[in-house]
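Numbering (my numbering), first residue to last: 380 to 495.
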């Protein structure tokens, strides 16, 4: 069974940093685009960042300059470095894998809370 396992969420104050990790199977990392979505209460799920097998990245405007997505294919892991966190970044963050257009493999989610 294909699995993605996230870690690294938590409670931080505004302006602080967190790094999320997502580990999966080698077969996923070799052929699929990886990414992070987030969902805040009452809001639809939002695409945050993606990274292709070739290392091309995409960021939603609201996180550009603050978040950095990266991948380590040797470890079958992607990361989301989140700096200068804001209260509006509070959400459950989900790791995902797919074609770059459709994403159909999901992790269980990890809670990120930014609050003073």
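For glycine and all other residues, C-beta sits at the position ideal for the given N, C-alpha and C.
Check: In the DSSP assignment, the alpha helix (DSSP H) including residue 405 goes from what residue to what residue?; Outcome: 405-410
Check: Since residue 457 and residue 401 are thought to touch, with beta carbons under 8 Å apart, how far apart are those beta carbons, to the nearest angstrom?; Outcome: 5 Å
Check: Any idea if residue 453 is buried or exposed, counting beta-carbon neighbours within 10 angstroms, 16 or more meaning buried?; Outcome: exposed
Check: Tell me, please, which residues DSSP counts as bridged to residue 449.; Outcome: 458
Check: Would you give the residue range spanned by the beta strand (DSSP E) that residue 426 belongs to?; Outcome: 425-430
Check: Quick one: what does DSSP say residue 467 is sitting in, helix, strand or coil?; Outcome: helix
Check: Please say whether residue 488 and residue 411 have beta carbons closer to each other than 8 Å?; Outcome: no
Check: Is it true that the CB of residue 459 sits closer than 8 Å to the CB of residue 493?; Outcome: no
Check: Residues in the same chain with beta-carbon distance under 8 Å from residue 396, minus the five sequence neighbours each way, listed in chain order, please.; Outcome: 460, 461, 462, 463, 464
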